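Below: one structure, written as structure tokens.
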Ligand SMILES: NC(=O)c1ccc[n+]([C@@H]2O[C@H](COP(=O)([O-])OP(=O)(O)OC[C@H]3O[C@@H](n4cnc5c(N)ncnc54)[C@H](OP(=O)(O)O)[C@@H]3O)[C@@H](O)[C@H]2O)c1
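Residue numbers (the working numbering): 379 to 632.
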């Protein structure tokens with residue numbers, strides 16, 4: 379009898395792009411991918427924090443480089459992607475929120491959130507897939523979406539619109555690019571302790587809401603996302619595409 383072998387979770391020899399890599403979930407994803415053996419291209423706007431992230435990854439024995447870019451600037455994003463060799467893995471974690479009642483949302487808030495959370499995600503996926511398909515290479519594109527892509531949340535109409543949009547986009551891209559072995563998925567975290575959530579956690583009413591909804595009884599830490607990203611980036615998930623991996627502590631279970 380020959381025992382089946384677990385497909386590898388290693389990423390040696392692969393090139394990975396991580397947007398939002400200078401902070402929070404993106405930084406954790408970059409560290410996880412580097413630890414698994416990938417060369418990680420770290421993207422965000424602030425060059426100084428990016429260089430610090432790259433230096434930390436190198437100090438931990440990983441391989442990384444910085445790629446400063448603004449996801450809201452589509453020409454910049456497209457040109458920088460075009461100038462790069464294909465990415466076997468792309469993790470898109472750059473994102474923003476402008477929470478508040480839908481009745482108070484200004485068109486400029488809508489445009490700012492959508493420009494990064496959805497428009498940049500769309501064209502980043504296209505750029506990465508084009509590079510892979512052009513060289514007949516398989517790949518894995520992973521968007522850091524949100525549990526708010528599956529449910530609604532107070533003061534989150536705009537954020538939910540951007541993240542629910544991401545989920546539909548990923549399904550359709552998975553259909554289109556499946557024959558090319560380019561996989562597209564999302565990771566949907568619950569509330570994770572990062573700079574992004576500082577204001578929300580500081581609001582006692584919101585904090586109560588969050589602690590009541592997370593069945594495992596604690597908020598998330600960036601480490602909670604690291605296993606999920608390695609799984610989706612690696613051959614361990616070779617048959618997984620067009621879906622989302624909820625890392626939500628059970629938030630959406632009821
Ligand atoms: N934290 C949570 O509870 C949570 C839960 C669910 C989903 N998410 C999602 O997870 C993602 C990351 O959130 P986080 O908590 O890690 O946030 P964070 O700590 O604030 O990090 C955001 C990262 O994105 C970069 N970024 C922002 N705007 C950018 C732009 N226009 N172009 C390029 N890079 C940009 C930032 O660097 P620069 O400012 O230097 O550009 C930073 O590296 C977001 O998509 C968010 O929606 C977060």
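Cβ coordinates follow ideal geometry from the N, Cα and C atoms, glycine included. Model, not experiment: these values are computed from the prediction.
Straight across, the Cα-Cα distance linking residue 580 with residue 593 is about 20 Å. A distance criterion of 7 Å places the beta-carbon of residue 418 beyond contact range of ligand 1, judged by its closest non-hydrogen atom. Within the chosen limit of 7 Å, ligand 1 does not reach the beta carbon of residue 458 with any heavy atom. One Cα belongs to residue 436, the other to residue 396, and the distance between them is close to 15 Å. Between the alpha carbons of residue 488 and residue 513 lies a gap of roughly 36 Å.
The Cβ-Cβ distance between residue 518 and residue 600 does not fall below 8 Å. Residue 422 is not a Cβ neighbour of residue 387, given a cutoff of 8 Å. Of 626, 426 and 410, the smallest CA-CA separation from residue 528 is found for 626. Here residue 622 carries a strand assignment [DSSP, helix/strand/coil]. Between residue 504 and residue 462, the CB-CB gap reaches or exceeds 8 Å.
When 431, 441 and 429 are compared, the shortest CA-CA separation from residue 390 is found for 441.
Taking non-hydrogen atoms of ligand 1 into account, the C-beta of residue 564 is found less than 7 Å away from none of them. For residue 573, the three-state secondary structure derived from DSSP is helix. Note on the region 559-619: whole beta strand (DSSP E) runs with a minimum of 3 residues are 560-567, in chain order. A distance criterion of 7 Å places the beta-carbon of residue 532 beyond contact range of ligand 1, judged by its closest non-hydrogen atom.
If only uninterrupted beta strand (DSSP E) runs of at least 3 residues are considered, those enclosed by the region 492-532 are 517-522.
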